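Under the numbering used here, think of the first position of the sequence shown as 431, with each following residue one higher.
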Amino acid sequence: MLTENNNYQSSAAVSSSSSSSKRHQHHDDDDNDYDDKFKKFSDPTEAAKHTFRSLDRVPGSSFTIRSNNNNTTSDNNNNENNPIDSGFGQNQRKFPEKPSAHRTPLQQVGDFFNSLIFSLLYVTADTKKRFYSFLVGLITIAIVVFVVSILYNSILKANLIFLKLSEDNVGDADIMFTPKFTNLTTIPFINNTEISEKLANSPYITGTTPRWIIFANLQNRDQPQKNISGLLLILDTEREEQLGIGRIWPYRPLGEGEIHVRDSILRAIDVKPNRGQRTNLVIDFASLASAFSGMKGESSVVDSITSNYAKYPSALGNVMIIDSHYVGQIIEESLFASPSTQLLLEITGNTQKIKNFFKTFPIEQYSLTLAGRLKDRFPTYLKSDNERKQAVIGITNGMMDSIGVAYPVTYTLPLLSALDGTKFISLFIDQIFIGVVVMLAILGIILIFALLLANVEEKTYEYGMLRALGLRQYSLIQVILAQSMYFAIPAIIIAMVLAFLVNILVEYVLQVVISTPSLNLYFFWAAVVVPIALGFGIPIIANVIPIRHAMSRTLRDSLDIAHQTFNETTVKMIKLEELGLEPWQTGVSILLVIIGFVVYYMIPYSFIFTDLPLFFFILNAILLGMLVGLCIIAVVLEPFFEKIILNLILCGPERKLKTLISKNLAGHRKRSRKTFLMFTLSVAFIVFAGVVFSLQSANIRANVEAFLGADIVVISTNSRYSLPKDKLNEAIALQNSRNKTIEAPVKGHAYQSFSIANIPFFTGSRFSSLAYFPNRRVVYNAVDRNFLSVVKSKYFLYTYIDSSFTYNITDEKPDVFQSLYDNAGQALVDGEKVGFAPSIVYSGVKLNFEDNYTLTFDPASQYSQYIDIVASEAMRPSVGIGIKTPTDLRFSGINSKTGTQNYVDFIGKSRCLAYKVPGFFYSSYELTASGSPVIITMDAYKKIARSVAKSVGLTTYNDEVYYQKLFIKLKDEITTFEVQDVFNALQASVSSDFTSIQNVRDLVGSTETATLVLMAFFNIVAAIAIILCFFMLAVSFTANVRDNSWEFGVLRSIGLSVNALIRAYIYEALCLVISAFISGTVIGCVIALTLTAQFNLFLEMPFQFDFPYYLFFSILIMALICAILGSYLPARNLRKKEIALVIRGAE
431 MLTENNNYQS
441 SAAVSSSSSS
451 SKRHQHHDDD
461 DNDYDDKFKK
471 FSDPTEAAKH
481 TFRSLDRVPG
491 SSFTIRSNNN
501 NTTSDNNNNE
511 NNPIDSGFGQ
521 NQRKFPEKPS
531 AHRTPLQQVG
541 DFFNSLIFSL
551 LYVTADTKKR
561 FYSFLVGLIT
571 IAIVVFVVSI
581 LYNSILKANL
591 IFLKLSEDNV
601 GDADIMFTPK
611 FTNLTTIPFI
621 NNTEISEKLA
631 NSPYITGTTP
641 RWIIFANLQN
651 RDQPQKNISG
661 LLLILDTERE
671 EQLGIGRIWP
681 YRPLGEGEIH
691 VRDSILRAID
701 VKPNRGQRTN
711 LVIDFASLAS
721 AFSGMKGESS
731 VVDSITSNYA
741 KYPSALGNVM
751 IIDSHYVGQI
761 IEESLFASPS
771 TQLLLEITGN
781 TQKIKNFFKT
791 FPIEQYSLTL
801 AGRLKDRFPT
811 YLKSDNERKQ
821 AVIGITNGMM
831 DSIGVAYPVT
841 YTLPLLSALD
851 GTKFISLFID
861 QIFIGVVVML
871 AILGIILIFA
881 LLLANVEEKT
891 YEYGMLRALG
901 LRQYSLIQVI
911 LAQSMYFAIP
921 AIIIAMVLAF
931 LVNILVEYVL
941 QVVISTPSLN
951 LYFFWAAVVV
961 PIALGFGIPI
971 IANVIPIRHA
981 MSRTLRDSLD
991 IAHQTFNETT
1001 VKMIKLEELG
1011 LEPWQTGVSI
1021 LLVIIGFVVY
1031 YMIPYSFIFT
1041 DLPLFFFILN
1051 AILLGMLVGL
1061 CIIAVVLEPF
1071 FEKIILNLIL
1081 CGPERKLKTL
1091 ISKNLAGHRK
1101 RSRKTFLMFT
1111 LSVAFIVFAG
1121 VVFSLQSANI
1131 RANVEAFLGA
1141 DIVVISTNSR
1151 YSLPKDKLNE
1161 AIALQNSRNK
1171 TIEAPVKGHA
1181 YQSFSIANIP
1191 FFTGSRFSSL
1201 AYFPNRRVVY
1211 NAVDRNFLSV
1221 VKSKYFLYTY
1231 IDSSFTYNIT
1241 DEKPDVFQSL
1251 YDNAGQALVD
1261 GEKVGFAPSI
1271 VYSGVKLNFE
1281 DNYTLTFDPA
1291 SQYSQYIDIV
1301 ASEAMRPSVG
1311 IGIKTPTDLR
1321 FSGINSKTGT
1331 QNYVDFIGKS
1341 RCLAYKVPGF
1351 FYSSYELTAS
1361 GSPVIITMDA
1371 YKKIARSVAK
1381 SVGLTTYNDE
1391 VYYQKLFIKL
1401 KDEITTFEVQ
1411 DVFNALQASV
1421 SSDFTSIQNV
1431 RDLVGSTETA
1441 TLVLMAFFNI
1451 VAAIAIILCF
1461 FMLAVSFTAN
1471 VRDNSWEFGV
1481 LRSIGLSVNA
1491 LIRAYIYEAL
1501 CLVISAFISG
1511 TVIGCVIALT
1521 LTAQFNLFLE
1531 MPFQFDFPYY
1541 LFFSILIMAL
1551 ICAILGSYLP
1561 ARNLRKKEIA
1571 LVIRGAE
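Here it is in structure tokens:
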């Protein structure tokens, strides 16, 4: 079968010839004419003549036709020894072959180096003539190597950023020691002197320093009514400065009678720092020593603390700091300030002894906590998660070996725990960086491939003459490889030098921001090896097809100066018996095997061994594979998009160019596909990364808000320490009444109880169907009636709601929680009527039991005194409940004094089935049914508790509610100072170490800062990608101008202006770039939405589309500028040439 098409290569081929003398004579005549035309190549005339005479090969065929006595035979063995020798007839004279097989190894090495020297000399001369191509290749490789090197080094140092964020949160003390109470030791102190001696020679710990945290009250000395409570932090300020704890702490060590105070405290008591103003510090030692009810001393305010500066945990809030060396003096002054104490000491005669004792009081031997500092801490924290944990385990084992395992101290690692909380974000950012590296590598390969292929096509005649002069094929391969290495090697050197210089700047910034001990100028080995490997690998991989392209040319085609690659006709015939698997089929088969191996082995492996980096890498690779695959598919739709864009951008007189531009788009499609693919891939990846990060940032904010529930949340972490409701209400009322002229900062507040099972005499709580099968352990929490109006109501999501009630609307959501109070006891289930209850049935048979519980059961009271609940949607498939289905609520209790145990059942009626409630962990998945929360009213909480207490014989319960959380809603337009004042007022109202206060706005604000930084990073990546695409567009249009110069010369000769031709090129580029931009945007959004939908499937958050508009429009503007400049610059050369020279093909 014979197939012949323009710009088309068939898998079938045909070859036929008739070896007659006339035909060879015809070739001889053509060759003589050819040599006469080009006198400067007269030296190889005989060689070329014999070559043309002997070569009779169909272009691109896999075998040669030989002529002998008018009989046609085929020889499938290609002669690769010398391109000039291939294709000789059996009876024709051949050039003598060099006996390469008999050459000595030394001669072969000499031939290799001679060929290499020739390649270098040739490439050097060629670079001078084609400096533009050299410059494009140099800049491309330099950009890729530089960016990859900086990114890789940044990835490996990213833990420093997360370390800084963790230090800002929990302080920069690496290890904290606290006393351990044992049967032999009940003293709540640690002897820092002894610990320091034991760790003096430790290779792991630099040292320890004592700390005390005590509640205190600070008063304005002149206006004592202005006072506020807070936490007094007693430190050895000089020792901490020596150890480097709080290394960015800007305040000086304290002296006698001096104090550092948080700025919010100073505002509250109307005291200015650094002005010598005096304050009264009242310290409460009641919790430490019953002998002292409290002490009071004067202090001069030195500095106003504006931030914790990683000195102490930020959660401490209102903090005052004094130096530990002067605590004894404060105690002494406080004791002798009391007349009764002075009289007692005078009577006993111990006044001087007491004074001397406090002057030399070794307070460091009575520390509440110790803060420790690790040696070489930065290299330890820079390690990966698993390596860091192993290193810390070794450090703590060695430390406890020095102290002694039985020594009465326990230790915590606050920084390590905080870093564990950031590992998922760190992994996510790492995968983004890896994706950027892969994307830049792909773009670099495509660009270098297009550049080298354009050079090969441009120099087809030149390579043909080199082969005609006797240049071997491997020497020609050396020439092409040397050409790529000629710009790759200097590009790598320049890029690595620039990367080293930029790394100095990065290290300086890290030293300023993170306060690293010294400039660390070394590169991680991977940040050197990977970029250099890419620098060499990109041109080598990109050379494969150009080398095959150059080697597939026959000398006849290579020396045909009128030949145009985009107009060539290729005919190829392969026998069916020789037809095997195509390379692409083999590649697809290997790819499917790899995918199967990854899915069925690597993913389970990552789960079993909890290798999260591997798991995220696989997911990232799959997403990138989807993105690249869709971009390749989009190439098929390129003509369709280009046609639409062309019709849209051409209007008025410009429509006369439509036919010309359409033909150009079709004629250049083979070359423009690579440009289209580069633009599509760049835009798709950048939009994908930007959209994903925007959506994930929004998801992080939403999850933080949904988890905490309100603007500010006060949380008690221990059920023994209920929140002080009266004090907190008083603090909120005080804040709202400070300034009557402005809106109150607190718009509302609501309480949530601990689980009812946390009441001391409760032993458990269950949730089940009426038959108590199946049943689930649940958590019953009570909330206030205004709960929904205080919390983030947009995260209240439900599946079913009792439609028989009318609900108040709160932020467009039905207020189910208020209905639990307003419509309590009014719900009806299926088959139930008002006042209906099952009647008591007597069998008439007398039972010989003293107690008959059946007779004492009162169903009417059980049905009329049911509990209204808000249950989890997970209970519907798990227990089989619904809005109209009653449930059994069982509560168990015990009387610890008598040992009496009992349980009480209540009928429960679901007002709503929800899968998301702010401040609670609700879900619709059946897996979460056990342990899920059930919300009731405060009245129901007390009712249940009374019933259980009565059932076990307890009479001491007094309707006490144990409060776990306080939700606070702030006004919309609230200043940072107002938020801080509210936060500090709440902090001063709680005195338990088991109480924490969370400011949701601060947590959300940190994610917004991270989003802005990463969006700036994506803009930089977008600019780099567009620069590479600009080079690609320029290379492509330069080749287009060169190939179409004759046609445009003819168009100019018939009256078309050169400006119209240039505009035609610009319109062609705009069609190409805009269509690629649209395709890339759609692909990036689809992949990003797919990933976000997957995340939302697990998180069950409401879907929201957060598109990065600034990033999108910045890419669009850069792409349009690239399209205009990338087409105008090559096309402007037409303006400088005369029509006659263009038609003649003269340079």
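For glycine and all other residues, C-beta sits at the position ideal for the given N, C-alpha and C.
This structure is a prediction, so every number in the text was calculated from the model and none was measured.
Checklist entry - Can you name the residues that DSSP bridges to residue 842? => result Residue mapping note: residue 842 aligns to position 412 of the sequence shown, counting from 1. Looking at the DSSP assignment, residue 842 forms a beta bridge with 606.
Checklist entry - Under 8 Å between the Cβ atoms of residue 1514 and residue 966? => result Counting from 1 along the sequence shown, the entry for residue 1514 is found at position 1084. Counting from 1 along the sequence shown, the entry for residue 966 is found at position 536. Cβ distance not < 8 Å, so residue 1514 and residue 966 don't count as in contact.
Next on the checklist: For a quick check, are the C-beta atoms of residue 1070 and residue 1549 less than 8 Å apart?
Outcome noted: Mapped onto the sequence shown, residue 1070 falls at position 640. Mapped onto the sequence shown, residue 1549 falls at position 1119. No, the Cβ-Cβ distance between residue 1070 and residue 1549 is not below 8 Å.
Checklist entry - For residue 1540, which three-state DSSP category applies? => result Position 1110 of the sequence shown, counted from the start, is the residue given in the question as residue 1540. In the structure shown, residue 1540 sits in a helix (DSSP, three-state: H, G or I).
Item to check | Where residue 631 falls: helix, strand or coil (DSSP) | outcome: Taking the first residue of the sequence shown as position 1, residue 631 is located at position 201. In this structure, residue 631 counts as coil in the three-state DSSP scheme.
Item to check | Residue burial classification, residue 575 (beta-carbon count within 10 angstroms, cutoff 16) | outcome: Position 145 of the sequence shown holds residue 575. Per the 10 Å Cβ criterion, buried.
Checklist entry - What is the rounded straight-line gap between the Cα of residue 1572 and the Cα of residue 1534? => result Locating residue 1572 in the sequence shown gives position 1142, counting from the first residue. Locating residue 1534 in the sequence shown gives position 1104, counting from the first residue. Computed Cα separation, rounded: 58 Å.
Checklist entry - Nearest to residue 796 by alpha carbon, out of 1226, 1400, 1247 and 621? => result Translated into the one-based positions of the sequence shown, residue 796 becomes position 366. Nearest option by C-alpha distance: 621.
Next on the checklist: Going by DSSP in three states, residue 958 sits in which element: helix, strand or coil?
Outcome noted: By one-based count along the sequence shown, residue 958 stands at place 528. The answer is helix: DSSP assigns residue 958 an H, G or I state.
Checklist entry - With which residues is residue 1177 paired in a DSSP beta bridge? => result As a working mapping, residue 1177 is identified with position 747 in the sequence shown. Residue 1177 is not bridged to any residue.
Next on the checklist: Measuring only the C-alpha atoms, how far is residue 1422 from residue 1227?
Outcome noted: Taking the first residue of the sequence shown as 1, we reach residue 1422 at position 992. Taking the first residue of the sequence shown as 1, we reach residue 1227 at position 797. Taking the straight line joining both Cα atoms gives about 34 Å.
Checklist entry - Does the beta-carbon of residue 1202 have 16 or more other beta-carbons within 10 angstroms, so that it is buried, or is it exposed? => result Here residue 1202 refers to the residue found at position 772 when the sequence shown is read from its first residue. Residue 1202 is exposed by the Cβ-count criterion.
Checklist entry - Does the distance from the CB of residue 710 to the CB of residue 728 come in under 8 Å? => result Counted from its first residue, the sequence shown places residue 710 at position 280. Counted from its first residue, the sequence shown places residue 728 at position 298. Result yes, Cβ atoms of residue 710 and residue 728 sit closer than 8 Å.
Next on the checklist: Quick check on DSSP: helix, strand or coil for residue 750?
Outcome noted: What you label residue 750 is simply residue 320 of the sequence shown in a count that begins at 1. Residue state, collapsed to three classes: strand.
Next on the checklist: residue 1076 and residue 1086 - do their beta-carbons sit closer together than 8 Å?
Outcome noted: As a working mapping, residue 1086 is identified with position 656 in the sequence shown. As a working mapping, residue 1076 is identified with position 646 in the sequence shown. Not closer than 8 Å, so no.
Checklist entry - Is the stretch 1214 to 1228 close to the stretch 1135 to 1145, with three or more CB pairs under 8 Å? => result yes
Checklist entry - Out of curiosity, what's the CA-to-CA distance linking residue 819 and residue 1252? => result Along the sequence shown, one-based indexing puts residue 819 at 389. Along the sequence shown, one-based indexing puts residue 1252 at 822. Taking the straight line from one Cα to the other gives about 54 Å.
Next on the checklist: Classify residue 897: buried if its beta carbon has 16 or more other beta carbons within 10 angstroms, exposed otherwise.
Outcome noted: For this step, residue 897 is matched to residue 467 along the sequence shown. Label assigned to residue 897: buried.
Item to check | Whole-angstrom distance between residue 734 and residue 851, CA atom to CA atom | outcome: Within the sequence shown, numbered from 1, the residue matching residue 851 stands at position 421. Within the sequence shown, numbered from 1, the residue matching residue 734 stands at position 304. Each residue's Cα considered, the two are about 31 Å apart.
Checklist entry - Is it the case that the Cβ atoms of residue 810 and residue 606 are separated by a distance below 8 Å? => result Taking the sequence shown and counting its residues from 1, one reaches residue 810 at position 380. Taking the sequence shown and counting its residues from 1, one reaches residue 606 at position 176. Not a contact, by the Cβ cut-off of 8 Å.
Item to check | Beta carbon of residue 1488 nearer than 8 Å to that of residue 1565 | outcome: Residue 1488 sits at position 1058 when you count from the first residue of the sequence shown. Residue 1565 sits at position 1135 when you count from the first residue of the sequence shown. Cβ distance < 8 Å, so residue 1488 and residue 1565 count as in contact.
Checklist entry - If you scan the stretch 1072 to 1158 from start to end, which runs of the beta strand (DSSP E) of 3 or more residues do you find wholly inside it? => result 1142 to 1146
Checklist entry - Would the beta-carbon of residue 1454 fall within 8 Å of that of residue 577? => result Mapped onto the sequence shown, residue 1454 falls at position 1024. Mapped onto the sequence shown, residue 577 falls at position 147. Their beta carbons are under 8 Å apart, which means residue 1454 touches residue 577 by this criterion.
Item to check | Whole-Å CB distance - residue 1322 paired with residue 1206, under 8 Å assumed | outcome: Looking up residue 1322 in the sequence shown gives position 892. Looking up residue 1206 in the sequence shown gives position 776. Going by Cβ atoms, the distance from residue 1322 to residue 1206 rounds to 14 Å, so no, they are not a contact pair.
Next on the checklist: Looking at the secondary structure, which residues open and close the alpha helix (DSSP H) in which residue 920 lies?
Outcome noted: Here residue 920 refers to the residue found at position 490 when the sequence shown is read from its first residue. 903 to 943 is the span of the alpha helix (DSSP H), which, as asked, contains residue 920.
Item to check | Closest by C-alpha distance to residue 1104, when choosing among 596, 1491, 1128 and 1066 | outcome: Your numbering for residue 1104 matches position 674 in the sequence shown. Ranking the options by Cα distance to residue 1104, first place goes to 1066.
Next on the checklist: So, for residue 1448: in the same chain, excluding its five sequence neighbours on each side, which residues have a beta-carbon less than 7 Å away from its beta-carbon?
Outcome noted: Working through the sequence shown from its first residue, we reach residue 1448 at position 1018. The answer, listed in chain order, is 1116, 1119, 1120 and 1541.
Next on the checklist: Let's test the definition: count the other Cβ atoms within 10 Å of the Cβ of residue 964 and tell me whether it reaches 16, buried, or not, exposed.
Outcome noted: Taking the sequence shown and counting its residues from 1, the one referred to as residue 964 is at position 534. Its Cβ being crowded by 16 or more others within 10 Å, residue 964 is buried.
Next on the checklist: Considering Cα atoms alone, identify which of 840, 1425, 726 and 829 is closest to residue 608.
Outcome noted: Here residue 608 refers to the residue found at position 178 of the sequence shown. The residue with the shortest Cα to Cα distance from residue 608 is 840.
Item to check | Three-state secondary structure assigned by DSSP to residue 645 | outcome: In the sequence shown, counting from the first residue as 1, residue 645 sits at position 215. In this structure, residue 645 counts as strand in the three-state DSSP scheme.
Checklist entry - Under a three-way DSSP split, which group does residue 731 fall into? => result The residue labelled residue 731 in the question sits at position 301 within the sequence shown. Strand.
Checklist entry - Under the DSSP definition of a beta bridge, which residues are partnered with residue 1314? => result Here residue 1314 refers to the residue found at position 884 of the sequence shown. Bridge partners of residue 1314: none, in fact.
Item to check | Rounded Cβ spacing between residue 642 and residue 798 (contact assumed at less than 8 Å) | outcome: Stepping through the sequence shown from its first residue, residue 642 is reached at position 212. Stepping through the sequence shown from its first residue, residue 798 is reached at position 368. With 8 Å as the limit, residue 642 and residue 798 qualify as a contact, their Cβ atoms being about 5 Å apart.
Checklist entry - What distance in whole Å lies between the Cβ atoms of residue 1427 and residue 1142, which are believed to be in contact at a cut-off of 8 Å? => result Taking the first residue of the sequence shown as position 1, residue 1142 is located at position 712. Taking the first residue of the sequence shown as position 1, residue 1427 is located at position 997. Rounded, the Cβ-Cβ distance is 7 Å, consistent with contact.
Item to check | Alpha carbon of residue 1040 to alpha carbon of residue 1298, nearest angstrom | outcome: By one-based count along the sequence shown, residue 1040 stands at place 610. By one-based count along the sequence shown, residue 1298 stands at place 868. Roughly 42 Å between the two C-alpha positions.
Checklist entry - So residue 874 and residue 1458 are in contact, right, with Cβ under 8 Å, and what is the actual spacing, rounded? => result The count along the sequence shown starts at 1 and reaches residue 874 at position 444. The count along the sequence shown starts at 1 and reaches residue 1458 at position 1028. That belief holds up - the Cβ atoms of residue 874 and residue 1458 are roughly 7 Å apart, short of 8 Å.
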